[in-house]
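Protein chains in written order, with my numbering: chain Z, 34 to 370; chain V, 34 to 370.
Ideal Cβ positions, reconstructed from N, Cα and C, are used throughout, including at glycine.
Only a predicted model underlies this, so the values are computations on that prediction, with no experimental measurement involved.
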DNA sequence: GTGAAAGCGCTAACAT
DNA sequence: ATGTTAGCGCTTTCAC
């Protein structure tokens, strides 16, 4: 492993000059000729800075952890990419942690942080936020940014415009002629779900409609929750002709259950889910969804964390651009005449 | 950040003693009373070793990279978990890299390694192995283990028993009475696919059948490849009554295309795909699959890498236990009488 | 059985 | 404009 010393010897200068040049320290005045000698020596030797040494010296690792409720979830592809791109641009590495039922204050995070492996952490707490876990995370003093969740204004967070997402989903159904519109929502207490439902209400209100409380199934965000939601709603005296599902995974379950029960989608029932992913294209019919700006959310969340780490400034951000967009596929159609 | 020094002061001993006790160095003779003083001091102070300092000193990071062709792919859930559990047991951290079309010798890996951030790398090169990329990876001298791929016996690798997987899939169809069995295989050159097809042939052979070459669609591992495969096979003069799809994602596409074309699954056509994941349960009908021992594969791959790092020994492993198992769901059924 | 001290590779005062 | 040097926190050899 070639180090600063070897480069310095090769260039016939001191290590400090090499260090200054290689990091292009602005406060350093280095002779043009010296600089080029150093640069070429480093290049010829294939010098790569030693991360551990730098981290030890600077007391920061340029590494952050991204904690997701479930790592291999298609819903997180874009979010992850957004975080990584932003991190890369600032020369940060992202290490992934899966929570998998773990509370956000739990073992993984503290292991990472307290051993000073990461400078901060991006936490997606999952559907329903565990307040105790969050508190312990905050209390630990680790720079942290919440994703898809808010927790007062002392702690940084980044969320998308869930209300707008619910709104465009409902708007799409209204434009197709639907009037009896239901919602398969998240579990009681899910903030994202509450905002999405509020968006649906807003769209309905604009058309002079109100959301029938009997048509809101507060189930959850898993395929199985979606199945339950469908059963619940179809059991209504006057079933809906269209449903907004607050989450893609639940939407997939809902679609499956409906199709499995012989309901013709979209002829008898239209379904639109919030969150888009390739998986929405492998069902029959394909599922209409609302795409959220998750790439942007990831980038914004990283920048918030970076700001928190470097300046100590916290901030709550709502990513509203690009705006939620309906991806029209086969599961939504006009009401029967 | 509390360090060895503070613990030493608190316990009234030297840092070296603290270090020895805290790592329970077997070659150290420490007084019982001293040891307990140190332990409690460390505990009271909440001492956590500084990873960077240790890494610098030991010239190893206890971190490995796991490079996958596509991070948020449901197919990798178990593999990832297997790797992480094994790594955790040896106090290693896993950082994830996505290749996303990147060649295995590419930018990410070299960045990680050459900056001595990781001690080695686990590479899943994806469907079709890029020989040039692999060569450059090997040439770089980085300890590496291939997952789901082999590359001569100089380089470590861990694969599952793909042949057995193809075999049990075909066996399942044969037992249901099918005789005209087709395969939607991976792209030409895909090793995993070749082995899986060979397994199908073996099962057929045992029943005195041979695999009709016209019934092997060499398409690929994406949903779209699966759709193409179905179109190709259904266009045959005598279409198959059952199909083994070499990959779950392709299987999802195949199922969708079949259902979308009005083919009744499983009455007109049975489908079984290799690889299992929750996603197979959200289609209508649910997809019958073959579960592979991916958890074990992950653990074995990590152990191979760990051996490579610590002893320099390379090895090629085939994980054949637990054996591939058919998860019977709705997409397979008896032949029509 | 325990301590002192060197040094891993790097950065940043502080010299010159 | 460039060099010298003191550590960052840890492990480990060597000394007692």
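Per DSSP, residue 97(Z) is one residue of the beta strand (DSSP E) stretching across 96–101. Cβ proximity to chain Z below 9 angstroms picks out 285, 286, 288, 289, 290, 291, 292, 293 from the stretch 285–297 of chain V. In the structure shown, the three-state DSSP call for residue 358(V) is strand. For chain Z, the residues of the stretch 81–96 of chain V that bring a beta carbon within less than 7 angstroms of one of its beta carbons are 81, 82, 83, 84, 85, 86, 88, 89, 94, in chain order.
Within the stretch 298–309 of chain Z, contact with chain V at the beta-carbon level (separation under 9 angstroms) is assigned to no residue. If you compare the alpha carbons of 280(Z), 124(Z), 314(Z), 74(Z) with that of residue 228(Z), the shortest gap goes to 280(Z). Residue 243(Z) counts as exposed, since fewer than 16 other C-beta atoms from the protein chains shown sit within 10 angstroms of its C-beta. Residue 204(V) and residue 287(V) have their C-alpha atoms some 20 angstroms from each other. Looking at the DSSP output, residue 304(V) sits in a beta bridge with 276(V).
In the structure shown, the three-state DSSP call for residue 121(Z) is helix. Within chain Z, the residues placing a beta-carbon under 7 angstroms from that of residue 315(V) are 256, 285, 286, 289, ordered along the chain.
Residues of the stretch 113–130 of chain Z that bring their beta carbon within less than 9 angstroms of a beta carbon in chain V comprise 113, 114, 117, 126, 127, 128, 129, in sequence order. Under a 10 Å Cβ-count criterion, residue 189(V) is classified as buried, with 16 or more other Cβ atoms of the shown protein chains found around its own Cβ. Between residue 169(Z) and chain V, the shortest Cβ-Cβ separation is not below 8 angstroms. Residue 206(V) sits close to residue 305(V), with the two beta carbons spaced by under 8 angstroms. DSSP, read as helix, strand or coil, puts residue 81(Z) in coil. For the set 43(V), 79(V), 285(V), the Cα lying nearest the Cα of residue 313(Z) is the one of 285(V). For residue 47(Z), the secondary structure class from DSSP, reduced to helix, strand or coil, is coil. Below the 9 angstroms Cβ cutoff, chain Z contributes no neighbours of residue 180(V), its closest Cβ being approximately 15 angstroms away. Counting other Cβ atoms within 10 Å of its Cβ, residue 75(V) reaches 16 or more and is therefore classed as buried. The beta carbons of residue 78(Z) and residue 39(Z) sit closer together than 8 angstroms. Annotated three-state conformation of residue 351(V) is strand, per DSSP. A Cβ of chain Z is located within less than 8 angstroms of the beta carbon of residue 312(V). For residue 191(Z), the enclosing beta strand (DSSP E) starts and ends at 189–193. A distance below 8 angstroms separates the beta carbons of residue 331(Z) and residue 115(Z).
The beta carbon of residue 277(Z) does not come within 8 angstroms of any beta carbon belonging to chain V, so the residue lies off that interface.
The C-beta of residue 218(V) has 16 or more other C-beta atoms within 10 Å across all chains shown, which makes the residue buried.
Its chain contains 206, 211, 214, 303 as the residues whose beta carbon lies nearer than 6 angstroms to that of residue 275(V), once the 5 sequence neighbours on both sides are disregarded; these appear in chain order. Of all residues in the stretch 46–62 of chain Z, none places a beta-carbon less than 9 angstroms from a beta-carbon of chain V. Under DSSP, residue 130(Z) takes part in a beta bridge, and its partners are 100(Z). For residue 343(V), the enclosing alpha helix (DSSP H) stretches over residues 327–344. Taking the Cα positions, residue 289(Z) is about 11 angstroms away from residue 364(Z).
Neighbours of residue 107(V) in chain Z, taken as residues whose beta carbon is under 9 angstroms from its own, are 105, 106, 107, 312 in chain order.
The continuous stretches of alpha helix (DSSP H) do not include residue 250(Z), which lies in the beta strand (DSSP E) extending over residues 249–251.
Under DSSP, the beta-bridge partners assigned to residue 156(V) are 100(V), 179(V).
Assigned with DSSP and collapsed to three states, residue 216(Z) falls in strand.
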